[in-house]
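Here the protein sequences line up with chains A and B, keeping their order. Using numbering that gives the first Met the number 0, the letters of the first sequence map in sequence onto residues 0 to 140. Using numbering that gives the first Met the number 0, the letters of the second sequence map in sequence onto residues 0 to 140. Even for Gly, the Cβ is constructed at its ideal location relative to N, Cα and C. Take a look at the structure below.
Number of protein chains: 2
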Amino acid sequence: MPTTSDADLLRAHEMRATTPRLAVLSALRKTKYPMSAHDVAKAVRTKKVDMVTTYRTLESFKTAGIVTQVELQRGRAYYELSEGRKDHHHIVCINCDTVEDFTGCDYDALVKKALRQTVGFSSVTHHSLELFGMCTPCSKK
Amino acid sequence: MPTTSDADLLRAHEMRATTPRLAVLSALRKTKYPMSAHDVAKAVRTKKVDMVTTYRTLESFKTAGIVTQVELQRGRAYYELSEGRKDHHHIVCINCDTVEDFTGCDYDALVKKALRQTVGFSSVTHHSLELFGMCTPCSKK
DNA sequence: GTACTATTTGCAACTTATTTGCAAGTACAA
DNA sequence: TTGTACTTGCAAATAAGTTGCAAATAGTAC
């Protein structure tokens, strides 16, 4: 049974399956943790993909919902594949930048609670949740 | 009964009470929603505070815990006073940038849950949680 | 009040992150 | 195979944040 290819994934979002886009997808698949635009560009450099194309590709993937933007408070945007990562969050070491994942933010209850408190909002499309702290090795120093 | 002044607040964090710092504090107090460094700089421009000083001040306030950095996925950092804002979060309109607040992320339970799932972390110092969606006026368009 | 000193500020210049305009290249429907 | 709308690459621009250093100043000691 054939798995849906990345090309099909792109076409499902009405995007052409181009070399740069497939390269960016592949890079994101290979990496376990969120990547900055710079990280992605480095990974696709061998395929001669321009930095600007990387930015544009990540932006369009974000709009399409293929990637999720992650905020790590480092002054630049990070991205990871959305696929199979609903309720997927990060805990970040403020000392050495180590990242680990966790789940269980109780999204539905949270949204319900938030919408009950606000007066001007009626729907939530996505969310962002990160914890910051010290990893065990760093806290021993 | 005298309220603790901003100057005392600064000294409590071992920082000198300088004009630029007091101006930044005052600007943050006057504004209900998170401000970018640029917003703050604009607000303190009349006091002749340099942009660089604004950046440095916000950074030192953040380190001291006086302000909290907020991520609104707009490509720059936002700040708000930490004071009396524990468990304080935002819901942001992706169309018009309206921001409203909400509380109730159940922080302690969340941290406990996250630390149970991770292998390399032992403590959490702060967190970041934002919801993104459409405000009612925008969703009617 | 005056002097002292470590801290803080302002300015200029720099680095890093991201965006824009446009001509040339390419995926894919016909 | 061709046509065309969508994409890409390059150069250049803009935006966000940082650094070095000399001048200014808050807080302490007299």
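Close-in-space but distant-in-sequence residues of the same chain around residue i (CB under 8 Å, 5 per side omitted)
| i | result |
| --- | --- |
| alanine 36 (chain A) | Met50, Thr53, Tyr54, Leu57, Arg75, Ala76, Tyr78 |
| leucine 8 (chain A) | Leu24, Ile65 |
| histidine 156 (chain A) | In this structure chain A extends from 0 to 140, so residue 156 (chain A) is not present and cannot be described. |
| glutamine 68 (chain B) | Lys61, Ala76, Tyr77, Tyr78, Ser127 |
| arginine 15 (chain A) | Leu9 |
| aspartate 86 (chain A) | Thr102, Gly103, Cys104, Tyr106 |
| alanine 6 (chain B) | Ala16, Leu21 |
| arginine 84 (chain B) | Thr67 |
| serine 4 (chain A) | none |
| proline 33 (chain B) | Val69, Leu71, Tyr77, Tyr78, Glu79, His89, Val98 |
Chain B contact for residue i (CB, 8 Å cutoff)
| i | result |
| --- | --- |
| cysteine 134 (chain A) | yes |
| glutamate 82 (chain A) | no |
| threonine 117 (chain A) | yes |
| lysine 31 (chain A) | no |
| glutamate 129 (chain A) | yes |
| alanine 76 (chain A) | yes |
| methionine 0 (chain A) | The predicted position of methionine 0 (chain A) is uncertain, since its pLDDT is 41 and thus under 50; no value can be drawn from it. |
| leucine 21 (chain A) | no |
For residue j and residue i, believed in contact at Cβ under 8 Å, the rounded distance
| i | j | result |
| --- | --- | --- |
| threonine 124 (chain A) | isoleucine 93 (chain B) | 7 Å |
| alanine 113 (chain B) | phenylalanine 101 (chain A) | 4 Å |
| proline 19 (chain A) | valine 39 (chain A) | About 10 Å; that fails the 8 Å criterion. |
| phenylalanine 60 (chain A) | isoleucine 90 (chain B) | That belief does not hold up - the Cβ atoms of phenylalanine 60 (chain A) and isoleucine 90 (chain B) are roughly 24 Å apart, past 8 Å. |
| leucine 80 (chain B) | leucine 27 (chain B) | 5 Å |
| glutamate 70 (chain B) | glutamate 70 (chain A) | 4 Å |
Residue-level contact to chain A via CB, residue i, 8 Å cutoff
| i | result |
| --- | --- |
| cysteine 143 (chain B) | Shown here, chain B extends from 0 to 140; a query on residue 143 (chain B) therefore has no answer. |
| alanine 113 (chain B) | yes |
| valine 123 (chain B) | yes |
| serine 138 (chain B) | yes |
| histidine 35 (chain B) | Inspection of the sequence shows that residue 35 (chain B) is occupied by serine rather than by histidine. It does not; no Cβ of chain A falls within 8 Å. |
| glutamate 99 (chain B) | yes |
| arginine 87 (chain B) | In the sequence under discussion, the amino acid at residue 87 (chain B) is histidine, which differs from the arginine named in the question. So no, histidine 87 (chain B) is outside the interface. |
| leucine 24 (chain B) | no |
| leucine 109 (chain B) | yes |
Cut-off 7 Å between Cβ atoms - residues of its own chain near residue i, not counting five sequence neighbours on either side
| i | result |
| --- | --- |
| glutamate 13 (chain B) | none |
| methionine 133 (chain A) | Cys92, Ile93, Asn94 |
| cysteine 137 (chain A) | Cys92, Asn94, Cys95 |
| threonine 97 (chain B) | Cys134 |
| alanine 141 (chain A) | Nothing about residue 141 (chain A) can be read from this structure; chain A reaches only from 0 to 140. |
| arginine 73 (chain B) | none |
6 Å Cβ shell around residue i - same chain, five flanking residues per side excluded
| i | result |
| --- | --- |
| threonine 110 (chain A) | Looking at the sequence itself, residue 110 (chain A) is valine, so the reference to threonine does not match. Cβ neighbours of valine 110 (chain A) beyond the five flanking positions: Val123. |
| lysine 46 (chain A) | Ala22 |
| lysine 140 (chain B) | none |
Using a Cβ-Cβ cut-off of less than 8 Å, list which residues of the region 40-74 of chain A approach chain B; keep chain order. Gln68, Glu70, Gln72, Gly74
Which parts of the region 38-105 of chain B are runs of the alpha helix (DSSP H), unbroken and 4 residues or longer, counting only runs that do not cross its ends?
50-63
(Q) Tell me which residues of the region 6-18 of chain A have at least one Cβ-Cβ distance to chain B shorter than 7 Å, keeping chain order. (A) none
Where in the region 1-38 of chain B do unbroken runs of the alpha helix (DSSP H), each at least 4 residues long, occur, reported from the N-terminal end onward? DSSP runs (the alpha helix (DSSP H)) wholly in the region 1-38 of chain B: 5-11, 18-29.
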